[in-house]
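Colleague: There's a structure below that I have some questions on.
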Amino acid sequence: MCCLTPAALYSQNGSDSLTRKAYPDSLRHYSIDEVTVYGQNQPSRIIPAQELSGKELQRLNALSVADAVRYFSGVQIKDYGGIGGLKTINIRSMGTQHVGVFFDGIQLGNAQNGQIDLGRFSLDNMESISLYNGQKSAVFQPAKDFASAGSIYMQTRTPRFDRDGKNNHFGVSMKTGSFGTANPSILWEHRFNDRLSSSFNVEYLYTTGRYKFSYTKKNGYDTTEVRRNGDVRALRAEGGLFGLVRNGEWKAKVYFYNSERGYPGASVRQEPGRFRHEDRQWDDNFFVQGSFRKTFSPFYSLLLNGKYAYDYLHYLSDPRLDESTMYVNNHYYQQETYLSAANEFTFFKWWKANLAADFQWNTLDADLVDFVYPQRYSVLTAAATSFEFPRVKVQASLLHTYVHDRTEAVGGSAGDKSEFTPTFVVWYKPWSRPELSFRAFYKRIFRMPTLNDLYYTFIGNKYLNPEYTTQYNLGVTYAKNFDGILRRIDFQADAYYNEVDDKIVAMPTSNQFQWTMINLGRVEIRGIETTVQTNWLFGPVTFNARLNYTYQKAQDVTDRTSEWYGGQIPYIPWHSGSAVLNLGYRGWDLNYSFLYTGERYESVANIPENYARPWYTHDMALSKYIPFKKTALRITAEVNNIFNQQYEVVQCYPMPGTNFKIKINFTL
0 MCCLTPAALY SQNGSDSLTR KAYPDSLRHY SIDEVTVYGQ NQPSRIIPAQ ELSGKELQRL
60 NALSVADAVR YFSGVQIKDY GGIGGLKTIN IRSMGTQHVG VFFDGIQLGN AQNGQIDLGR
120 FSLDNMESIS LYNGQKSAVF QPAKDFASAG SIYMQTRTPR FDRDGKNNHF GVSMKTGSFG
180 TANPSILWEH RFNDRLSSSF NVEYLYTTGR YKFSYTKKNG YDTTEVRRNG DVRALRAEGG
240 LFGLVRNGEW KAKVYFYNSE RGYPGASVRQ EPGRFRHEDR QWDDNFFVQG SFRKTFSPFY
300 SLLLNGKYAY DYLHYLSDPR LDESTMYVNN HYYQQETYLS AANEFTFFKW WKANLAADFQ
360 WNTLDADLVD FVYPQRYSVL TAAATSFEFP RVKVQASLLH TYVHDRTEAV GGSAGDKSEF
420 TPTFVVWYKP WSRPELSFRA FYKRIFRMPT LNDLYYTFIG NKYLNPEYTT QYNLGVTYAK
480 NFDGILRRID FQADAYYNEV DDKIVAMPTS NQFQWTMINL GRVEIRGIET TVQTNWLFGP
540 VTFNARLNYT YQKAQDVTDR TSEWYGGQIP YIPWHSGSAV LNLGYRGWDL NYSFLYTGER
600 YESVANIPEN YARPWYTHDM ALSKYIPFKK TALRITAEVN NIFNQQYEVV QCYPMPGTNF
660 KIKINFTL
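Residues in the sequence shown are numbered consecutively from 0, following numbering that gives the first Met the number 0.
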């Protein structure tokens, strides 16, 4: 069902024609072309999401998903420098492996080390990015969606055609700028008929990855060096089919990513003026996935998902090129098969339930000495229910996880794991007015040790315990529309307490691909998050502001007799925040963004030698939207890190200083 409102017309940004006709009376009449307004049918969110979508996402000075999610509260990004460096996300200090990353509704997997590099996912074809603490507040979803302590959902562009007779949409973009960057992209969307459409997108990225940085010493920065071996050559191709059936829909997607990149490594000077890091990595990532969703009756709905993925990784570290490293020339091959069925039952308008079952099979092959070639079979079943009344909403779920590993070594596999984990969510509105609401949730979940943790040659330990998290959250939301200059305000605040038992912290060594695993035993995390978003209208001028602040105290409480008991865990700042401001005027957009990460420590030993200074960056962008008949052109100029802040997100991995970028987008 489609509704057309004045606000919806305003949001079209001039794309719909408006023709005035003259009439003798005092009333003004307008004849408008027929417009179809598209939007996903979102169930009411008991747990609100932090979301970047549409124009707000386009305005960010961001190249990848990793750059965009920095603007969410409660998030830490581990960034190993430059465009090619590994970029992973940590939500509320619970660890990267506790974050589920979903691509078009199906989780991305990496059974080898459990980490998803968000730097590889471009914003070029991205429609929205959402972050959920706990889990997405929908009952009707696969069992995997219940299985993470926090989740990132990436939704790519879906073809949308108005009734204007056009059956094709084309888009071409080009980005260039500092570091020798060249980033062209092509998009083609086609409509076969009213019930079937397709999309095809190809993007290429090249950058030298070279930039100047100041080398740190004990009392500050001294000499300037050049970051080398950070080049990237990457090709991404996506194709999709989107279909409608009676009371339902289906979609299928194929994804391919190929890259070669250098890893510049840690900036640890061995000789004056020489940082020699020559490690190289080659990747091939391929998956095909599909989903089918249909409502068979007012009582029953079905959701089916399926996926096959193949990942290849080649890592080379050659001491003939860099004498500081050992020789590594390894090849890794991963396969994943995933099947899911979710069944929703609507007993009454206020009572729904879901039964979901997922099966996943993972394999890992490698050319390592004495490698055990592990396979993992995972079966997840979830039962969930929701009760929704005008002023109270309740959701509860129970997830059962069964994991069985097999290896080619006799007695070499870890024991089976079978565990039940619950979640309980409540939402309350104290008055009949909709502006203010309160919420709370409790969730317990665990993650299995990765295949590297258990079986990596000479490092793996098959007796590792799973890592458990327990979350408690209290939150408040206030949202209200206005008719004056201030058009809307959204405010969210959450206070939370998390416990992590048998926590495993992965720390990079001098060879970035190999990690040292440190088991902290127990961590307690206390935090506060706030987000404020406002929209203003001054005649033809629009102004939007988004402010985030996070306070976190994440302490190692493993051993009371330890000298470091109660210390802040590595790389978690006490204070962090961001601001995004946008000013719009007749096709012009001026965007300013600010990121701040406060003081932190590089080790659980909170001593001066491990102290990491606060850092912050300022970015600006100016863009112009130029419509012409049925085509449009957008030109954007960006400057990042305006004040040339010298900083490191991870110790000895310096980030770029001031840099520039030009974008040109043409749509037809």
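Built from N, CA and C at the ideal position, the CB exists for glycine as well.
All values derive from a computational prediction rather than experimental measurement.
Whole angstroms are fine: how far does the CA of residue 535 sit from the CA of residue 676?
Modeller: Outside the shown range of the chain, which is 0 to 667, sits residue 676, and nothing can be said about it.
Colleague: Count the other CB atoms, across all protein chains shown, that sit within 10 Å of the CB of residue 568; report buried if there are 16 or more and exposed otherwise.
Modeller: Here residue 568 is taken as the residue at index 569 of the sequence shown, counted from 1. The residue in question, residue 568, is buried, as its Cβ has 16 or more Cβ neighbours within 10 Å.
Colleague: Would you call the stretch 127-141 and the stretch 376-394 in contact, with 3 or more CB pairs under 8 angstroms?
Modeller: Counting Cβ pairs under 8 angstroms, three or more are found: they touch.
Colleague: Compute the Euclidean distance between the alpha carbons of residue 21 and residue 581, then round it to the nearest angstrom.
Modeller: Taking the sequence shown and counting its residues from 1, one reaches residue 21 at position 22. Taking the sequence shown and counting its residues from 1, one reaches residue 581 at position 582. At residue 21 the pLDDT is 37, less than 50, meaning the model places this residue with poor confidence; the figure from the coordinates comes in the next sentence. Cα to Cα, residue 21 sits roughly 37 angstroms from residue 581.
Colleague: Distance, Cα to Cα, residue 640 vs residue 593?
Modeller: Position 641 of the sequence shown, counting from 1, holds the residue named residue 640. Position 594 of the sequence shown, counting from 1, holds the residue named residue 593. Roughly 9 angstroms separates the two Cα atoms.
Colleague: What residues in its chain sit with their C-beta under 6 angstroms from that of residue 390, if we drop five residues either side in the sequence?
Modeller: As a first step, residue 390 is located in the sequence shown; it is residue number 391 there, counting from the start. Once the five neighbours on either side are set aside, the close Cβ partners of residue 390 are 428.
Colleague: Suppose you measure from the CA of residue 351 to the CA of residue 658; what does that come to, to the nearest Å?
Modeller: To locate residue 351, count along the sequence shown from 1; it is residue 352. To locate residue 658, count along the sequence shown from 1; it is residue 659. Going by the C-alpha atoms only, they are around 52 angstroms apart.
Colleague: Roughly how many angstroms lie between the CA atoms of residue 111 and residue 586, to the nearest whole one?
Modeller: By one-based count along the sequence shown, residue 111 stands at place 112. By one-based count along the sequence shown, residue 586 stands at place 587. Roughly 47 angstroms separates the two Cα atoms.
Colleague: In angstroms, rounded to a whole number, what distance separates the CA positions of residue 99 and residue 251?
Modeller: Indexing the sequence shown from 1 puts residue 99 at position 100. Indexing the sequence shown from 1 puts residue 251 at position 252. Between residue 99 and residue 251, the C-alpha separation is close to 21 angstroms.
Colleague: Could you give the uninterrupted runs of the beta strand (DSSP E) lying entirely in the stretch 143-172, keeping only those of 3 residues or more?
Modeller: The qualifying runs are 149-155.
Colleague: So, for residue 292: in the same chain, excluding its five sequence neighbours on each side, which residues have a beta-carbon less than 8 angstroms away from its beta-carbon?
Modeller: Counted from its first residue, the sequence shown places residue 292 at position 293. Excluding sequence neighbours, residue 292 sits near 247, 248, 249, 300, 301, 302, 303.
Colleague: Measuring straight from C-alpha to C-alpha, what distance separates residue 306 and residue 102?
Modeller: Stepping through the sequence shown from its first residue, residue 306 is reached at position 307. Stepping through the sequence shown from its first residue, residue 102 is reached at position 103. Their Cα atoms are separated by approximately 11 angstroms.
Colleague: Is there contact here, the stretch 117-134 with the stretch 43-57, by at least three beta-carbon pairs under 8 angstroms?
Modeller: Touching, yes.
Colleague: Quick check: the Cα distance between residue 596 and residue 156, rounded to an integer number of angstroms?
Modeller: By 1-based counting over the sequence shown, the position of residue 596 is 597. By 1-based counting over the sequence shown, the position of residue 156 is 157. Each residue's alpha carbon lies about 32 angstroms from the other.
Colleague: Counting pairs of beta carbons, one from the stretch 630-637 and one from the stretch 646-666, are three or more of them closer than 8 angstroms?
Modeller: Yes, they touch.
Colleague: DSSP beta-bridge partners for residue 125?
Modeller: In the sequence shown, the residue the question calls residue 125 occupies position 126. In DSSP, residue 125 forms a bridge with 155.
Colleague: Tell me where the beta strand (DSSP E) around residue 54 begins and ends.
Modeller: For the purposes of this step, residue 54 is taken as the residue at position 55 of the sequence shown. No beta strand (DSSP E) holds residue 54; the alpha helix (DSSP H) holding it covers 53-58.
Colleague: Going by other Cβ atoms of all chains shown within 10 Å of its Cβ, with 16 needed for buried, is residue 539 buried or exposed?
Modeller: Against the sequence shown, residue 539 aligns to sequence position 540. Flag for residue 539 reads exposed.
Colleague: Grouping DSSP H, G and I as helix and E and B as strand, with all else coil, what is residue 451?
Modeller: Taking the sequence shown and counting its residues from 1, the one referred to as residue 451 is at position 452. It is helical.
Colleague: Do residue 445 and residue 465 have their C-beta atoms closer together than 8 angstroms?
Modeller: Here residue 445 is taken as the residue at index 446 of the sequence shown, counted from 1. Here residue 465 is taken as the residue at index 466 of the sequence shown, counted from 1. Against a cut-off of 8 angstroms, the Cβ pair of residue 465 and residue 445 comes out as a contact.
Colleague: Cα separation between residue 339 and residue 537?
Modeller: In the sequence shown, residue 339 corresponds to position 340, counting from 1. In the sequence shown, residue 537 corresponds to position 538, counting from 1. Spanning the two alpha carbons is a distance of roughly 49 angstroms.
Colleague: Give me the DSSP bridge partner(s) of residue 653.
Modeller: As a working note, residue 653 is residue 654 in the sequence shown. Answer by DSSP bridge pairing, in chain order: 647.
Colleague: Quick check on residue 447: buried or exposed, where buried means 16 or more other Cβ atoms within 10 Å of its Cβ?
Modeller: For the purposes of this step, residue 447 is taken as the residue at position 448 of the sequence shown. Residue 447 comes out buried.
Colleague: DSSP beta-bridge partners for residue 335?
Modeller: As a working mapping, residue 335 is identified with position 336 in the sequence shown. DSSP output for residue 335 lists 308, 361 as bridge partner(s).
Colleague: Taking the straight line between their C-alpha atoms, what separation do you get for residue 418 and residue 133?
Modeller: To locate residue 418, count along the sequence shown from 1; it is residue 419. To locate residue 133, count along the sequence shown from 1; it is residue 134. Cα to Cα, the separation comes out at about 18 angstroms.
Colleague: Please name the residue, chosen from 623, 183, 382, that lies closest to residue 171 on a Cα-to-Cα basis.
Modeller: Walking along the sequence shown from the start, residue 171 turns up at place 172. Of 623, 183, 382, the residue nearest in Cα terms is 183.
Colleague: Please work out which residues of its chain come closer than 6 angstroms, Cβ to Cβ, to residue 235, disregarding the five sequence neighbours upstream and downstream, and give them in chain order.
Modeller: Taking the first residue of the sequence shown as 1, we reach residue 235 at position 236. Excluding residues within five positions, the ones whose Cβ falls inside 6 angstroms are 202, 256.
Colleague: Quick check on residue 280: does DSSP put it in helix, strand or coil?
Modeller: In the sequence shown, the residue the question calls residue 280 occupies position 281. The answer is strand: DSSP assigns residue 280 an E or B state.
Colleague: So, helix, strand or coil for residue 486, using DSSP?
Modeller: Taking the first residue of the sequence shown as position 1, residue 486 is located at position 487. In the structure shown, residue 486 sits in a strand (DSSP, three-state: E or B).
Colleague: With 16 as the cutoff for other CB atoms within 10 Å, does residue 377 come out buried or exposed?
Modeller: Here residue 377 is taken as the residue at index 378 of the sequence shown, counted from 1. So residue 377 counts as buried.
Colleague: By DSSP, does residue 114 sit in helix, in strand, or in coil?
Modeller: Here residue 114 refers to the residue found at position 115 when the sequence shown is read from its first residue. The answer is coil: DSSP assigns residue 114 none of H, G, I, E or B.
Colleague: Using the beta-carbon count (16 or more within 10 Å), is residue 115 buried or exposed?
Modeller: Stepping through the sequence shown from its first residue, residue 115 is reached at position 116. Label assigned to residue 115: buried.
Colleague: So, is residue 0 buried or exposed, given that buried needs 16 or more other C-beta atoms within 10 angstroms?
Modeller: Here residue 0 refers to the residue found at position 1 of the sequence shown. At residue 0 the pLDDT is 40, less than 50, meaning the model places this residue with poor confidence; the figure from the coordinates comes in the next sentence. It is exposed - the Cβ of residue 0 has fewer than 16 other Cβ atoms within 10 Å.
Colleague: Is the CB-CB distance between residue 663 and residue 173 below 8 angstroms?
Modeller: Here residue 663 is taken as the residue at index 664 of the sequence shown, counted from 1. Here residue 173 is taken as the residue at index 174 of the sequence shown, counted from 1. Yes, these two residues count as a Cβ contact at 8 angstroms.
Colleague: Apart from the five residues on each side of it in sequence, which residues of its chain come closer than 6 angstroms, Cβ to Cβ, to residue 616?
Modeller: Counting from one through the sequence shown, the residue named residue 616 turns up at place 617. Excluding residues within five positions, the ones whose Cβ falls inside 6 angstroms are 594, 640, 644.
Colleague: Quick check: the Cα distance between residue 206 and residue 180, rounded to an integer number of angstroms?
Modeller: What you label residue 206 is simply residue 207 of the sequence shown in a count that begins at 1. What you label residue 180 is simply residue 181 of the sequence shown in a count that begins at 1. If I take the Cα positions, the gap works out to 4 angstroms.
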